[in-house]
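Per UniProt numbering, residue 1 is the first one in the sequence shown, and the count goes up by one each step. Just so you know, even glycine gets a beta-carbon here, dropped at the ideal spot from N, CA and C. For clarity, every value in this text was computed on a predicted model and none was experimentally measured. One structure is given below, encoded as structure tokens.
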Amino acid sequence: MDWYNLQDNNSQTTPSAGTLKDNMKIGNTTVISFINLKGGVGKTTSAVNVAATLARRDFKSGDKSTKPASVLLIDLDPQSNASLTLLNKKQYEEIDRTNKTLYQLFDNEISRDDDSETFDLGDIRVTPIEGLNLDLLPSSLKLIDIQDKLVGYHRYYLSATDILFNALNKLKNPEGKAYTHIIFDCPPSLGLITLNALSLSRYFIVPTLLDAYSHWGLDKIVECVNRLKRCKASCEVELLGVLYSKVDPRSTIENYKWDIEFQKWGTEFDEWLSKNIRTGKGAIIFKSRINSADIIRKAEADNRPLIEYHPSASNLRSEQKKHQVEWEELVTEILERIEYRRK
Ligand SMILES: Nc1ncnc2c1ncn2[C@@H]1O[C@H](COP(=O)(O)OP(=O)(O)O)[C@@H](O)[C@H]1O
Ligand SMILES: [Mg+2]
1 MDWYNLQDNN SQTTPSAGTL KDNMKIGNTT VISFINLKGG VGKTTSAVNV
51 AATLARRDFK SGDKSTKPAS VLLIDLDPQS NASLTLLNKK QYEEIDRTNK
101 TLYQLFDNEI SRDDDSETFD LGDIRVTPIE GLNLDLLPSS LKLIDIQDKL
151 VGYHRYYLSA TDILFNALNK LKNPEGKAYT HIIFDCPPSL GLITLNALSL
201 SRYFIVPTLL DAYSHWGLDK IVECVNRLKR CKASCEVELL GVLYSKVDPR
251 STIENYKWDI EFQKWGTEFD EWLSKNIRTG KGAIIFKSRI NSADIIRKAE
301 ADNRPLIEYH PSASNLRSEQ KKHQVEWEEL VTEILERIEY RRK
């Protein structure tokens, strides 16, 4: 496969633990990007529902203690679908009109002089659902224009891909503590804004459809990520898993056929991973899968992740319960994989 050859002479492969490398870490926060170069594959739905499901969980942290998750969801897609899923249209329009979005961070960074204060992300953070440990940094369509302006950005030795890292390092959750998890919903492109997310992520998850075309996109993503890692030694992002999303449970033969193709890709990737990265092992395709279900769209229309959707009709309530199980299983698998890689 192509990506074997991308690791030129192994000189710039992901270093094993213990290598002297100043990684882009935000304290002990686990940072995960949901990414795929294709649109409509379930990136946003996965980022939102994983973030919300995780926010109701206790998890085992690096020091082996168990604590409640405190999650920050960052909507990096100018289409703003994650923001529009968690906020109603009126709330979102007001936020966008008053520039309380990530646009403000990048715009401020481009236009400020060296001595002025850097942007405080706390000024744009919202908590969309009361009582849920999930905060959101909303996006804006205006991010499209910023992307072009970022090309010429430099400040001392900082590059345009470090802007989010610097800003996030100063951000605490509303209780004044560090977030335990940061989740990025990325646009279907690898522009400078997406590179900001990948640069500081520890893991990336690729939601994909089980069909003929999606399979071919995987090499492309891994190739792009490896290119970024070659250019930026401090970037340590690794593939945590490929997630089958919007699976039609009735297309069993088709699903089986494309699953075989993905698994073949996964096996080759696993072999490469275990040879090159100390912590790499285990199947790269998630066992959990997310089936296609209308209830997910209904929850979205109500501006809620599935876990927080409580319809009054009993048939909808049982659909909600049934499908939330899939997100619960996925989050358990994500946490297990992270724990395993940590060892
Ligand atoms: N499991 C699912 N079941 C039904 N519809 C889904 C599911 N996942 C996503 N969708 C719908 O598919 C569309 C694309 O999903 P989205 O998560 O926005 O993809 P992406 O972010 O990759 O573009 C959205 O309209 C969303 O409501
Ligand atoms: Mg999206």
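- Looking at the DSSP output, Gly122 sits in no beta bridge, so it has no partner there.
- Excluding its 5 nearest sequence neighbours in each direction, Lys38 has C-beta neighbours in its own chain below 7 Å: Pro188, Ser214 and Gly217, listed in chain order.
- Within the chosen limit of 7 Å, ligand 2 reaches the beta carbon of Lys43 through at least one heavy atom.
- For Thr208, the uninterrupted beta strand (DSSP E) run begins and ends at Tyr203 to Thr208, by DSSP.
- By the beta-carbon neighbour count (other beta carbons within 10 angstroms, threshold 16), Val151 is exposed.
- When DSSP reads this structure, Arg155 sits in a beta bridge with Leu158.
- Trp327 and His310 have their alpha carbons spaced roughly 16 Å apart.
- Here Leu84 carries a helix assignment [DSSP, helix/strand/coil].
- Between the alpha carbons of Asn291 and Ser111 lies a gap of roughly 45 Å.
- By the beta-carbon neighbour count (other beta carbons within 10 angstroms, threshold 16), Glu319 is buried.
- CA-to-CA, the gap between Leu240 and Thr161 works out to about 22 Å.
- The region 197-206 and the region 246-255 do not touch, with fewer than three beta-carbon pairs separated by less than 8 Å.
- A residue is called buried when at least 16 other Cβ atoms come within 10 angstroms of its Cβ; Ile182 meets this threshold and is buried.
- Considering only Thr180, Ala313, Pro305 and Glu268, the residue with the shortest C-alpha distance to Lys60 is Thr180.
- Between ligand 1 and Glu319, a heavy atom-to-CB distance of less than 7 Å is absent.
- In this structure, Asn303 has its CB at a distance of at least 7 Å from all heavy atoms of ligand 2.
- Going by DSSP, Ser199 is part of the alpha helix (DSSP H) stretching over Leu192 to Leu200.
- In the three-state DSSP reduction, Thr30 falls in the strand class (E or B).
- The beta carbons of Asp185 and Lys43 sit closer together than 8 Å.
- Leu171 and Leu121 have their C-alpha atoms roughly 6 Å apart.
- With contact defined as three or more Cβ pairs closer than 8 Å, the region 296-307 and the region 255-267 are not in contact.
- Here His154 is exposed: its Cβ has fewer than 16 other Cβ atoms, across all protein chains shown, within 10 Å.
- A Cβ-Cβ contact shorter than 8 Å links Asn166 with Thr118.
- The nearest non-hydrogen atom of ligand 1 is 7 Å or more from the C-beta of Gly191.
- Of the residues Glu93, Arg304, Leu143 and Arg317, the one whose Cα lies closest to the Cα of Leu105 is Leu143.
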